[in-house]
Amino acid sequence: MPEAPRAASPEDAASEAAAEPELDALVGANLKAERGARGLSLDDLARDSGVSRTLLGQIELGRTVPSIGVIWKIAQALGVPFSTLLASSAPRVGTTITERLKAKKLTSADGRFSSRALYPLGDAHAAEFYELWMAPHSREDAEPHRPGTRENLIVTSGRLELTVGNDSFHLEKGDAVNFSADQPHSYINRSGEECWMYLVMNYAGRK
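Shown next as structure tokens:
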């Protein structure tokens, strides 16, 4: 969706939080299940995603937590939303709390961008809600999402340059933007300050 960062796998309140699997095991189990459901070998998925067979194997074994970029590549190759690889099968109650200090961190490869999911990941949702963080002088490039996907983003601290296709937009604190995310787009922080944002991602056809 980074190191004052917080990020990415929500945990339910009280006893449910204690049962939440670690992020490495969670991603690994979901990846193995999705790959198996499609009858893909590790070599097939490596070819389709551009992620090495060795790294895919390590992820499935729960030996490493992949970066945001790697998860996006895998999700795109499998044709599933990003959140599918983070989803937990833990039971949920009507009200779910995502505790800041218990949230697992999901970062970019260089540790300068992070995403924290602010919604339960167990089911498919029409919209996904994320908190994003960027270090000073950092950039995060995103591949096109599934057709019809839209992002609605608001900057809550710092400044952001957003590129969507060939267009560039400059956002200050309090500015919001809604755009088609089924094309290449980039988040750029050219300032010497951190940038914090909230992002809502909407998938076409989801209810």
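Throughout, the working numbering is defined as the position within the sequence shown, counted from one, plus 8.
For glycine and all other residues, C-beta sits at the position ideal for the given N, C-alpha and C.
With 16 as the cutoff for other CB atoms within 10 Å, does F121 come out buried or exposed? Under this definition F121 is a buried residue.
Taking the continuous alpha helix (DSSP H) assigned at I105, which residues delimit it? Run containing I105: none; DSSP gives neither H nor E here.
Which one or two residues does DSSP pair with R158 in a beta bridge? Looking at the DSSP assignment, R158 forms a beta bridge with S188, N210.
How long is the line joining the alpha carbons of L140 and D52, rounded to whole angstroms? Rounded to the nearest angstrom, the gap between the Cα atoms of L140 and D52 is 32 Å.
Alpha-carbon spacing of A54 relative to S96, whole angstroms: Straight across, the Cα-Cα distance linking A54 with S96 is about 24 Å.
Of the residues P74, V59, A189, which one's Cα is nearest the Cα of L114? When only C-alpha atoms are compared, the closest one is P74.
Three or more C-beta pairs closer than 8 Å, one from the segment 59 to 68 and one from the segment 33 to 47: is that the case here? The segment 59 to 68 is in contact with the segment 33 to 47.
What does the alpha-carbon distance come out to for the pair R198 and D190? Approximately 24 Å, taken between the alpha carbons.
Y211 to G200 span [Cα, whole Å]: C-alpha separation (whole angstroms): 33 Å.
With 16 other CB atoms within 10 Å as the buried threshold, where does L170 fall? It counts as buried.
What residues match up with E169 in a beta bridge as DSSP calls it? In the DSSP output, where bridge partners are listed per residue, E169 has H178, I196.
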